[in-house]
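Okay, structure first, notes after.
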Amino acid sequence: MRIIHIEETDSTNEYIRRYLPGRENTIVTADRQTGGKGTKGRSFLSDPGGVYFSALTFFDRLPAEQAFRIMAHAAVAVCRTAEFAGAAPEIKWPNDVLAQGKKLSGILIENGLNGRYVDHAIVGIGLNVGNDVSALGGIAINLIEAAGRRFDPEEVRAALIENYMRPSGFEEYLSYVRFLGKTVRVTEGETVWEGVARRILGDGRLEIEADGATRALSAAEISLRF
Ligand code: BTN
Numbered sequence: 258m259r260i261i262h263i264e265e266t267d268s269t270n271e272y273i274r275r276y277l278p279g280r281e282n283t284i285v286t287a288d289r290q291t292g293g294k295g296t297k298g299r300s301f302l303s304d305p306g307g308v309y310f311s312a313l314t315f316f317d318r319l320p321a322e323q324a325f326r327i328m329a330h331a332a333v334a335v336c337r338t339a340e341f342a343g344a345a346p347e348i349k350w351p352n353d354v355l356a357q358g359k360k361l362s363g364i365l366i367e368n369g370l371n372g373r374y375v376d377h378a379i380v381g382i383g384l385n386v387g388n389d390v391s392a393l394g395g396i397a398i399n400l401i402e403a404a405g406r407r408f409d410p411e412e413v414r415a416a417l418i419e420n421y422m423r424p425s426g427f428e429e430y431l432s433y434v435r436f437l438g439k440t441v442r443v444t445e446g447e448t449v450w451e452g453v454a455r456r457i458l459g460d461g462r463l464e465i466e467a468d469g470a471t472r473a474l475s476a477a478e479i480s481l482r483f
């Protein structure tokens, strides 16, 4: 694994693309991003003090239906890091990591497919460590607040890299999921409905029970409120 640290770039997910032709697994981290990208075309606040991480990973024969494993692994790496730092992380399906009910980290995954297989994935992780998240209106938290002590972002960055490089399993992902059995509000296109979150399937779909029926839905189809 090649590991590169830079001070600034627009987005580490974009920066790492230059390593695609070499087909070598690579991690790029940055102190700050000027054009951090979030999911659903949103931007991601990337001030100094946070950890901005992208991993480029190549796969031999990972069927596209199993791509959720990539997401689960990234969320587990963040949770391990936050827990080790003294916070109590939990996963908001599919892969936001929360602490005290607020967003501690966001994950953006960009897969490159080759037919039915995932050829490579760019896994982007933004982890709030000491960066000021107050501009986000109380929906986000940083690790200093979540753990109640100060950190050097370098120390957290090293822990995240180490945790990312250790294998993980689906059971570990589930161990950080706390909302199963609770009522959730589901937004599906224009429709909003409520149901009870029952379980997460191995392919990443969430089973939700409403009006006596259970449906398995993917993160691409719905968004959730708790
Ligand atoms: C989200 O919560 O919407 C996902 C945010 C992902 C942010 C990370 S920071 C490192 C990498 N580079 C980016 O531009 N985005 C991801």
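For the sequence shown, my numbering begins at 258 and goes up steadily by one.
The beta carbon of each residue, even a glycine, is placed where N, CA and C say it ideally should be.
Inset, instruction - Would you kindly work out how many angstroms separate the C-alpha atoms of Phe436 and Lys349, rounded to a whole number? - result: The residue given as residue 436 occupies position 179 in the sequence shown. The residue given as residue 349 occupies position 92 in the sequence shown. Spanning the two alpha carbons is a distance of roughly 8 Å.
Inset, instruction - Can you tell me which of Leu370, Tyr272, Asn282 puts its alpha carbon nearest to the alpha carbon of Thr291? - result: Numbered from 1 along the sequence shown, position 34 holds the residue referred to as residue 291. Comparing Cα-Cα distances from Thr291 to each of Leu370, Tyr272, Asn282, the minimum goes to Tyr272.
Legend entry - Minimum C-alpha distance to Pro320 - residue among Lys294, Thr283, Gly298, Ala378: Sequence index remark: in the sequence shown, residue 320 carries index 63 (1-based). Taking only the C-alpha atoms, the option nearest Pro320 is Ala378.
Inset, instruction - Pull up the DSSP beta-bridge partners for Ser480, would you. - result: If you number the sequence shown from 1, residue 480 lands on position 223. In DSSP, Ser480 forms a bridge with Thr444.
Inset, instruction - Taking the CB atoms as reference points, tell me whether Val453 and Thr440 lie closer together than 9 Å. - result: Start at 1 with the first residue of the sequence shown, and residue 453 comes out as number 196. Start at 1 with the first residue of the sequence shown, and residue 440 comes out as number 183. In this structure, Thr440 lies closer than 9 Å to Val453 by Cβ.
Legend entry - Cutoff 7 Å; reference Ile479; Cβ partners in own chain excluding five residues on either side: Along the sequence shown, one-based indexing puts residue 479 at 222. So the list reads Val443, Thr444, Glu445, once near-sequence residues are dropped.
Inset, instruction - Please indicate yes or no: does the CB of Tyr421 lie closer than 8 Å to some heavy atom of ligand 1? - result: Counting from one through the sequence shown, the residue named residue 421 turns up at place 164. Tyr421: no, Cβ never under 8 Å from ligand 1.
Legend entry - Beta carbon proximity, Asn270 to chain C, threshold 9 Å: Note that chain C does not occur in the displayed structure, where there is just one protein chain.
Inset, instruction - Report yes if the C-beta of Phe301 is less than 8 Å from at least one heavy atom of ligand 1; otherwise report no. - result: In the sequence shown, residue 301 corresponds to position 44, counting from 1. For ligand 1, at least one heavy atom lies less than 8 Å from the Cβ of Phe301.
Legend entry - Cβ-Cβ distance between Asp288 and Pro410 below 9 Å: Numbered from 1 along the sequence shown, position 31 holds the residue referred to as residue 288. Numbered from 1 along the sequence shown, position 153 holds the residue referred to as residue 410. In this structure, Pro410 lies closer than 9 Å to Asp288 by Cβ.
Inset, instruction - Kindly list the residues whose CB is nearer than 8 Å to the CB of Glu265, restricted to its own chain and excluding five residues on each side of it in sequence; keep chain order. - result: Your numbering for residue 265 matches position 8 in the sequence shown. The residues are Ala287, Asp288, Arg289, Gln290, Thr291.
Inset, instruction - Provide the residue(s) that pair with Glu464 in DSSP beta bridges, ordered along the chain. - result: Counting from 1 along the sequence shown, the entry for residue 464 is found at position 207. In the DSSP output, where bridge partners are listed per residue, Glu464 has Arg456, Ala473.
Legend entry - Element boundaries [alpha helix (DSSP H), containing Thr269]: Within the sequence shown, residue 269 is the residue found at index 12, counting from 1. 269 to 272 is the extent of the alpha helix (DSSP H) around Thr269.
Inset, instruction - Determine the extent of the alpha helix (DSSP H) in which Ser432 is found, giving its start and end residues. - result: Here residue 432 corresponds to residue number 175 of the sequence shown, with the count starting at 1. Looking at the DSSP string, the run of the alpha helix (DSSP H) that includes Ser432 is 427 to 432.
Inset, instruction - Would you mind stating whether Asn270 and Ile327 have Cβ atoms separated by less than 9 Å? - result: Here residue 270 refers to the residue found at position 13 when the sequence shown is read from its first residue. Here residue 327 refers to the residue found at position 70 when the sequence shown is read from its first residue. Going by C-beta atoms, Asn270 is not nearer than 9 Å to Ile327.
Legend entry - Inter-residue Cα distance where the pair is Arg462 and Pro424: Position 205 of the sequence shown, counting from 1, holds the residue named residue 462. Position 167 of the sequence shown, counting from 1, holds the residue named residue 424. In a straight line, the C-alpha of Arg462 is about 22 Å away from that of Pro424.
Legend entry - Buried versus exposed, by CB contacts within 10 Å (16 or more), Leu458: Translated into positions along the sequence shown, residue 458 becomes position 201. Classification for Leu458: exposed.
Inset, instruction - Report yes if the CB atom of Ile401 is closer than 9 Å to the CB atom of Lys360, and no otherwise. - result: As a first step, residue 401 must be located in the sequence shown, where it is residue number 144. As a first step, residue 360 must be located in the sequence shown, where it is residue number 103. In this structure, Lys360 does not lie closer than 9 Å to Ile401 by Cβ.
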